[in-house]
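Asks:
Numbering (our numbering), first residue to last: 6 to 184.
1. Look up residue 105 in the DSSP assignment and say whether it is helix, strand or coil.
2. May I ask which residues mark the beginning and end of the alpha helix (DSSP H) holding residue 70?
3. Where do the N-terminal and C-terminal ends of the beta strand (DSSP E) with residue 114 fall, by residue?
4. Can we say the region 40-54 touches the region 95-114, given the rule of at least three CB pairs closer than 8 angstroms?
5. The alpha helix (DSSP H) spanning residue 36 covers which residue range?
6. Pick out the complete beta strand (DSSP E) segments inside the region 38-99, 3 residues or longer, and give them in chain order.
7. Give the C-beta separation of residue 90 and residue 167 to the nearest angstrom, bearing in mind that I take them to be a contact with Cβ-Cβ under 8 angstroms.
8. Skipping 5 residues on each side, what residues in its chain have a beta carbon closer than 8 angstroms to that of residue 163?
9. Does the Cβ of residue 70 have 16 or more other Cβ atoms within 10 Å, making it buried, or fewer, making it exposed?
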């Protein structure tokens, strides 16, 4: 695992256990708790490429309208951020959290305050020695991260499951009416 990853979770191979020789079949992993974990605990960070929600939906290769949900390793956050987090290429162990009907974890935004112990460099001034005030000084040094947090107490070995992100118009929403 990455050095800054919480050490309470690890990805393990799926039921088949061994990577397949078939290059067209993806190896499946899932994320499991290594020990009992209390609620509201950071389980894993979720590094990813960030794009706008509308851009992800509009890209034909993402097949969102055919699938009715984001592709594996992609999470879509609604308002107020309206972003798609794509961990297919960039990503840590958090991407191995699978989706399911009974989630026990959630993807959350984390705003990290700047470390005041580190001395920041003085900002460079413009050539004419006039500083511009664009209103972002209050946010200077803050960074935005994403993480997976436990919603309930997790038992040792329990799989970490995030909620499905079905499109509101997907036929899965009609399923309870049909049963």
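All C-beta atoms in this analysis are idealised placements derived from N, C-alpha and C, irrespective of residue type, glycine included.
Replies: Concretely, from the data shown:
1. It is a strand residue.
2. Counting along the chain, residue 70 sits inside the alpha helix (DSSP H) bounded by residues 69-72.
3. Here the beta strand (DSSP E) through residue 114 covers 110-117.
4. yes
5. Premise fails: residue 36 lies in the beta strand (DSSP E), 34-38, not in any alpha helix (DSSP H).
6. Entirely contained in the region 38-99, the beta strand (DSSP E) runs reaching 3 residues are, in chain order, 47-50, 54-57, 79-82 and 88-91.
7. The pair is not a contact, with the Cβ atoms about 12 angstroms apart (cut-off 8 angstroms).
8. 37, 38 and 109
9. exposed
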